[in-house]
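Colleague: Quick one: the structure is below, questions incoming.
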Amino acid sequence: MTITLSGITKTFGDFTAVHPLDLTVPEGSFFALLGASGCGKTTTLRMIAGLEEPTSGTILLGDDDITHLPPHKRPVNTVFQNYALFPHLDVSENIAFGLRRRGVKSVSKQVAEMLDLVQLGDMARRKPRQLSGGQQQRVALARALINRPQVLLLDEPLGALDLKLRRQMQLELKRIQTEVGITFVHVTHDQEEAMTMADSVAVMYGGRVEQLGPPAELYENPRSTFVANFLGTSNLIEAQVVSGATAESDELRLRTVGDDTALRLPAARCAVEGVEEGAKVLVGVRPEKISLTHTDGPDTASESVAEGAPAPAGVPAGVPEGHNRLTGRITDASYLGVSWQYLIETPACSELTVYEQNVARDSRLTPGAHVVLHWRPEHTFALDAAQDAAAGEEAI
Amino acid sequence: MTAVAPPSPSGPASAGAAPPAGKDPDGAVAEAGAGRARRGLTPYWLLLPAGLWLAVFFVAPLFYQASTSVQSGSLEEGFRVTWQFSNYTDALGTYGEHFVRSFCYAAVATALCLFIGYPLAYMIALRAGRWRNLVLVMVIAPFFTSFLIRTLAWKTILSDGGPVVGALSSLHILDVTHWLGLTADDRVLATPLAVVCGLTYNFLPFMILPLYSSLERIDTSLLEAARDLYAKPSTTFRKVTFPLSLPGVVAGTLLTFIPASGDYINAQLLGSPSEQMVGNAIQKQFLNVLDYPTAAAMSFILMALILLMVSVYMRKAGTEELV
Amino acid sequence: MSTTAPTSPRAGSHVLAAPVRWLRRNAVVLVGSAALAYLLVPNLVVLAFSFNKPAGRFNYAWRTFSTDAWTDPCGVANMCSSLGLSLRIAVLATLIATAFGTFAAFALARYRFRGKSTTNALIFLPMAMPEVVMGASLGTLFLNTRVQFGFVTILIAHVMFCLSFVVVAVKARVMSMDPRLEEAARDLYAGPFQTFCRVTLPLAAPGIAAGAMLSFALSFDDFIITQFNAGPSTVTFPMFVWGAAQRGVPVQVNVIGSAMFVLALVIVLGGQIAANRRKRV
């Protein structure tokens, strides 16, 4: 069932938790509300559940207006943060709770099916406190799903689990969602979790939706500094527009403010509408998109792949033509297992982060080494420079 | 399958729109959930029976007593309000000694309770291990025998020529207490010592239970941290354990001192007429002499003095939230 | 000793070092156990003297072993009827105080309203007042309004001082309850009434039970307030004991006291063992 929020707001006293919000969650999708604590995502979820009444606006479930329906009359169920399992009831009584309240007489068959679905068949008579975190989480899920809700709401459902278990439950939740085919709305502060599980993600910040879209789109083409920094890491470089898109090329040409280096990017990847010459923007690039080449040219011992045509004059061999380029000096290199993380000081930007895959590493890339950083123009994005470049960095 | 939702109306630039400090909406939500939008008359209806009961049978009597305390007259002619404030001065003049004695006995008993109760509470909370519940039950169990019966048992224990008195006497402890004016003539019964001993015994559980509950709440890793940071056991106790148990100390001393200062049973059963406390005087005036104004005036003085002491003490102790 | 005579005064302290260390480490336990003994000795004396056959009317000195009192516990005039009266009053006072106190506790724990702090103070005050003051002032009220002293006045007094304890016990429990549990119930199709009966009440039950038990114990054992508000024909068990203490204490009083002590211990320990066994299974 499609959920449509239109013009929803919520205020507590003089504090506005949710600013006017429009959101459509399509039927059957796995939808994530992502944001730091205090961004209004939980309040939004609670308004859909009926646990909080919107200050204004309407909530439609399909075509029915459910804005003022009490929670027990909504075909919507919630998996609560910390699960909220009834401590005085055992597992099967917890799971049967919703059916019993709706007057279903024989529940044992459905309860048994649900226990199977969440793989807790032999735990039926245990009390919640005798279960591990992961088991409690699955009981909470079964307790909600047994009611066959039109929409399942999940409020940080994996927050209390350790990392390994969280990964496992992410896959499990995704499997169950595919199996039962109902709409899931998932609130989380964990960007990785949102990206792994959701078909589409709404990033919230300060009671507003910053950006909404499929995870890949949010990551590859963020439209605000908050999204750029909150989802993964971004390098943001101040630059000035030299020329906008023209008839023959839809490329934007820029110059870094720090050292006048020329940069290019596709006009579609600029979040600022109708940029003019001289306008300031923040140029962004993800750390793993950047390649490093030593200024003395590629290490002959290593098998660095030199793509395409030979490098133009003044550029070390191995840096492909047409790439955006910056020069800098490595200040720190740390080994992360799957990759190396470099911090690089450049005149264009005080500190850039670069992740290099851990294959065929050039052994000269140590702190103090001078390097050329280069990446494809289509991996570049540009954001409005009027924003706080650090927004979202510490929000986690 | 992928969402194609209408873009949000919020502008791209929302930097600096962070929620005001100290107002985490998620926290606000939890609180709002507890008492959400349920104002109206419901709480008043819920409070009505208990509130009315206390108003009529607790507060109103205090006003009646206030008016009685300034009445004059006699039982035969009836009492009338004549604003006879001399009831107060007379009561203080006649029974001043009783007041002093009450507060002294109560203070000594409270101090003894603290000294005896603290090790026991500490033992239950931090050293009893799997015996904790058993020991706790043993602290509460005496309650189930009427405290009057238990106080009478002290009469047996401390009886003249009994083993306890014999032991105290042969250890020359009685000589010390005699010298201090606590006992007389090689006996313990009918002396201040017996009354204080009875008070201490009767109110000891009221000291132990709050102490226990505040000691039990202490995170033992704090004590380990103190030891790790070069604190001796005694320093750990002075600088960490005891300060953290202060709420329990405050609650325990109040719960012991207040009832002890109004008690008259121990003085009656274990003491002699010269150990009478203010409770005895009130009880006698009210139930035997039927001089209600004097009894009322004394109750009022007792209440006022206790409230005064408690408020000064609580301000000093700095723990106002006890309930 | 003769072969390895202490060559320095330090060696002597070595011999004592272990026991001294042990003493230091266990001082708290020793003092605590002594305090526990101080608490329990009177109960043991009461128990022992319930088997006494005293010479006169007072049961203060040991004479000879006898089970007379245990075989005839109600052999003393008026004692068992006073016990019955105390039980009746305690049950009724507990029921009323628990019901009213629970309502008030929910109001104080769950709602924000004008006059809340005044109400909190009103509920705290009876616990911070000597019993003799409360007893005397309530007695003054009944005297002034010419209410007949008796069963009803005792009941009123007992409910009055039990209320605060129930409120405190239930309020603490309700405040520690996770509000999400009730939200979960509403989310799972329970209406307000069902939410209360199926979730709120069962969760608050331990607090309510604690308040009720406290009320029963306080009411059953109360003497001071009762003395100021009882009539001549309503003698509760503590008042009977008080009267007996002046005239002569029958051995049966010790029997009742011991029986209740042993009964309470058996019930509590039995419950504990049952709970332990359930946990282990």
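Residue numbers (my numbering), protein chains in the order written: chain A, 4 to 399; chain B, -5 to 317; chain C, 2 to 282. Note that CB positions come from ideal geometry on N, CA and C, so glycine has one too.
Roughly how many angstroms separate the alpha carbons of GLY45 (chain B) and LEU126 (chain C), rounded to a whole number?
Modeller: Against the second sequence, residue 45 (chain B) aligns to sequence position 51. Against the third sequence, residue 126 (chain C) aligns to sequence position 125. Roughly 13 Å between the two C-alpha positions.
Colleague: If CYS352 (chain A) and ILE240 (chain A) are in contact, beta carbons under 8 Å, what's the gap, nearest whole angstrom?
Modeller: Looking up residue 352 (chain A) in the first sequence gives position 349. Looking up residue 240 (chain A) in the first sequence gives position 237. Yes, CYS352 (chain A) and ILE240 (chain A) are in contact; Cβ-Cβ is about 4 Å, under 8 Å.
Colleague: Assign LYS310 (chain B) to buried or exposed, taking buried as 16 or more other Cβ atoms, counted over all protein chains shown, within 10 Å of its Cβ.
Modeller: Residue 310 (chain B) sits at position 316 when you count from the first residue of the second sequence. Exposed is the call here.
Colleague: Are MET178 (chain C) and LEU215 (chain C) close, meaning C-beta to C-beta below 7 Å?
Modeller: Indexing the third sequence from 1 puts residue 178 (chain C) at position 177. Indexing the third sequence from 1 puts residue 215 (chain C) at position 214. Result no, Cβ atoms of MET178 (chain C) and LEU215 (chain C) do not sit closer than 7 Å.
Colleague: If we call anything under 7 Å between Cβ atoms a contact, is THR92 (chain B) one with ALA254 (chain B)?
Modeller: On the second sequence, residue 92 (chain B) is found 98 positions in, with the first residue counted as 1. On the second sequence, residue 254 (chain B) is found 260 positions in, with the first residue counted as 1. At residue 92 (chain B) the sequence reads His, which differs from the Thr that was named. Cβ atoms of HIS92 (chain B) and ALA254 (chain B): not closer than 7 Å.
Colleague: To the nearest angstrom, how far is it from the Cα of PRO350 (chain A) to the Cα of GLN360 (chain A)?
Modeller: Taking the first sequence and counting its residues from 1, the one referred to as residue 350 (chain A) is at position 347. Taking the first sequence and counting its residues from 1, the one referred to as residue 360 (chain A) is at position 357. Computed Cα separation, rounded: 25 Å.
Colleague: At the 7 Å Cβ level, is HIS189 (chain A) part of the contact set with chain C, yes or no?
Modeller: To locate residue 189 (chain A), count along the first sequence from 1; it is residue 186. No, its Cβ sits nowhere closer than 7 Å to a Cβ of chain C.
Colleague: Under 7 Å between beta-carbons, which chain C residues line up against ARG121 (chain B)? List them in chain order, please.
Modeller: Counting from one through the second sequence, the residue named residue 121 (chain B) turns up at place 127. Result: VAL29, VAL30.
Colleague: Quick check: is the beta carbon of THR81 (chain A) nearer than 7 Å to any beta carbon in chain C?
Modeller: As a first step, residue 81 (chain A) must be located in the first sequence, where it is residue number 78. Yes - at least one Cβ of chain C is within 7 Å of the one on THR81 (chain A).
Colleague: How is TYR65 (chain B) classed by DSSP in three states: helix, strand or coil?
Modeller: Numbered from its first residue, the second sequence carries residue 65 (chain B) at position 71. Residue 65 (chain B) is actually Gln in this sequence, not Tyr. Residue state, collapsed to three classes: strand.
Colleague: Which first and last residues belong to the beta strand (DSSP E) in which TRP378 (chain A) is found?
Modeller: Taking the first residue of the first sequence as position 1, residue 378 (chain A) is located at position 375. Here the beta strand (DSSP E) through TRP378 (chain A) covers 373 to 378.
Colleague: Going by C-alpha distance, which of B:LEU263, B:PRO227, B:LEU238, B:THR214 is nearest GLY244 (chain C)?
Modeller: Numbered from 1 along the third sequence, position 243 holds the residue referred to as residue 244 (chain C). Closest by alpha carbon: B:LEU263.
Colleague: Is the number of C-beta pairs between the region 66 to 79 of chain A and the region 34 to 44 of chain A that are closer than 8 Å three or more?
Modeller: No contact exists between the region 66 to 79 of chain A and the region 34 to 44 of chain A.
Colleague: Give the single residue among A:VAL79, A:GLN153, A:TYR208 whose Cα lies nearest to the Cα of ALA20 (chain A).
Modeller: Indexing the first sequence from 1 puts residue 20 (chain A) at position 17. The option with the nearest alpha carbon to ALA20 (chain A) is A:TYR208.
Colleague: With ARG188 (chain A) and VAL28 (chain A) assumed to form a contact (beta carbons below 8 Å), what rounded beta-carbon distance in angstroms separates them?
Modeller: Start at 1 with the first residue of the first sequence, and residue 188 (chain A) comes out as number 185. Start at 1 with the first residue of the first sequence, and residue 28 (chain A) comes out as number 25. It is worth fixing the name first, because residue 188 (chain A) is Val in this sequence and not Arg. Yes, VAL188 (chain A) and VAL28 (chain A) are in contact; Cβ-Cβ is about 6 Å, under 8 Å.
Colleague: Anyone know if the C-beta pair for ASP188 (chain C) and ASN150 (chain A) falls short of 7 Å?
Modeller: Along the third sequence, read from residue 1 onward, the residue named residue 188 (chain C) stands at position 187. Along the first sequence, read from residue 1 onward, the residue named residue 150 (chain A) stands at position 147. In this structure, ASN150 (chain A) does not lie closer than 7 Å to ASP188 (chain C) by Cβ.
Colleague: What's the C-alpha gap between THR288 (chain B) and ILE252 (chain B)?
Modeller: Counting from one through the second sequence, the residue named residue 288 (chain B) turns up at place 294. Counting from one through the second sequence, the residue named residue 252 (chain B) turns up at place 258. When rounded, the distance between both Cα atoms is 21 Å.
Colleague: Is it the case that the Cβ atoms of VAL46 (chain C) and ALA147 (chain B) are separated by a distance below 7 Å?
Modeller: Counting from 1 along the third sequence, the entry for residue 46 (chain C) is found at position 45. Counting from 1 along the second sequence, the entry for residue 147 (chain B) is found at position 153. Contact: yes.
Colleague: Considering only C-alpha positions, which residue in the set B:VAL272, B:VAL234, B:LEU205, B:PRO267 is nearest to ALA245 (chain B)?
Modeller: On the second sequence, position 251 is the one that residue 245 (chain B) refers to. With distances taken between Cα atoms, ALA245 (chain B) lies closest to B:LEU205.
Colleague: Span of the alpha helix (DSSP H) holding GLU196 (chain C)?
Modeller: For the purposes of this step, residue 196 (chain C) is taken as residue 195 along the third sequence, with counting starting at 1. According to the sequence shown, residue 196 (chain C) is Thr rather than Glu. That run of the alpha helix (DSSP H) goes 193 to 196.
Colleague: Within 7 Å of any Cβ in chain A, is that where the Cβ of SER9 (chain C) sits?
Modeller: The residue you call residue 9 (chain C) lines up with position 8 of the third sequence. Residue confidence is low: SER9 (chain C) scores 48 on pLDDT, short of 50, so the model does not pin down where it sits. No coordinate-derived value is stated.
Colleague: Can you tell me whether TYR224 (chain B) is buried or exposed? The criterion is at least 16 other CB atoms within 10 Å of its CB, across all chains shown.
Modeller: Counting from 1 along the second sequence, the entry for residue 224 (chain B) is found at position 230. Flag for TYR224 (chain B) reads exposed.
Colleague: Anything in chain B within Cβ reach of THR141 (chain C), meaning under 7 Å, just list it in chain order.
Modeller: Within the third sequence, numbered from 1, the residue matching residue 141 (chain C) stands at position 140. Near THR141 (chain C) (Cβ distances below 7 Å), the residues of chain B are PRO55, TYR58, GLN59, THR62, TYR286, ALA290.
Colleague: For MET50 (chain A), which beta-bridge partners are listed by DSSP?
Modeller: One-based indexing of the first sequence puts residue 50 (chain A) at position 47. Beta-bridge pairing links MET50 (chain A) to no other residue.
Colleague: Starting from ASP387 (chain A), trace the beta strand (DSSP E) both ways and give me its first and last residue.
Modeller: By 1-based counting over the first sequence, the position of residue 387 (chain A) is 384. Residues 383 to 387.
Colleague: Look at SER220 (chain C) and CYS163 (chain C) and say whether their C-beta atoms are less than 7 Å apart.
Modeller: Counting from one through the third sequence, the residue named residue 220 (chain C) turns up at place 219. Counting from one through the third sequence, the residue named residue 163 (chain C) turns up at place 162. Yes, they are a contact pair.
Colleague: What separation, rounded to the nearest whole angstrom, lies between the Cα atoms of LEU266 (chain C) and ALA275 (chain C)?
Modeller: Taking the third sequence and counting its residues from 1, one reaches residue 266 (chain C) at position 265. Taking the third sequence and counting its residues from 1, one reaches residue 275 (chain C) at position 274. Whole-angstrom Cα-Cα distance: 14 Å.
Colleague: Have a look at ASP180 (chain B) and TRP173 (chain B) and give me their C-alpha separation to the nearest angstrom.
Modeller: Within the second sequence, residue 180 (chain B) is the residue found at index 186, counting from 1. Within the second sequence, residue 173 (chain B) is the residue found at index 179, counting from 1. Cα to Cα, ASP180 (chain B) sits roughly 12 Å from TRP173 (chain B).
Colleague: If you follow the beta strand (DSSP E) that GLN247 (chain C) is in, where does it begin and where does it stop?
Modeller: Your numbering for residue 247 (chain C) matches position 246 in the third sequence. No beta strand (DSSP E) holds GLN247 (chain C); the alpha helix (DSSP H) holding it covers 238 to 248.
Colleague: Considering only residues of the same chain and omitting the five flanking positions on each side of GLU254 (chain A), which have a CB-CB separation below 8 Å?
Modeller: Residue mapping note: residue 254 (chain A) aligns to position 251 of the first sequence, counting from 1. Closer than 8 Å at the Cβ level, and outside the excluded window around GLU254 (chain A), lie ALA248, ARG267, LEU268, PRO269, ALA270, PRO380.
Colleague: Scan the region 186 to 267 of chain A and note each continuous beta strand (DSSP E) run of 3 residues or more that stays entirely inside, going in chain order.
Modeller: Segments of the beta strand (DSSP E) lying fully in the region 186 to 267 of chain A: 186 to 191, 203 to 208, 211 to 216, 238 to 246, 254 to 259.
Colleague: Cα separation between GLU71 (chain B) and THR36 (chain B)?
Modeller: Stepping through the second sequence from its first residue, residue 71 (chain B) is reached at position 77. Stepping through the second sequence from its first residue, residue 36 (chain B) is reached at position 42. When rounded, the distance between both Cα atoms is 49 Å.
Colleague: Any idea which residues DSSP pairs LYS283 (chain A) with across the strands?
Modeller: Reading the first sequence from its first residue, position 280 is the one you call residue 283 (chain A). DSSP lists A:GLN243 as partners of LYS283 (chain A).
Colleague: Could you spell out where the beta strand (DSSP E) holding LYS13 (chain A) opens and where it closes?
Modeller: Locating residue 13 (chain A) in the first sequence gives position 10, counting from the first residue. First-last of the beta strand (DSSP E) with LYS13 (chain A): 6 to 15.
Colleague: Hey, out of A:PRO217, A:SER294, A:ASN327, A:SER135, whose CA is closest to LEU257 (chain A)'s CA?
Modeller: Locating residue 257 (chain A) in the first sequence gives position 254, counting from the first residue. Nearest of A:PRO217, A:SER294, A:ASN327, A:SER135 to LEU257 (chain A), Cα basis: A:ASN327.
Colleague: Using 7 Å as the limit for Cβ to Cβ distance, is PRO127 (chain C) near chain B?
Modeller: Translated into positions along the third sequence, residue 127 (chain C) becomes position 126. PRO127 (chain C) counts as touching chain B.
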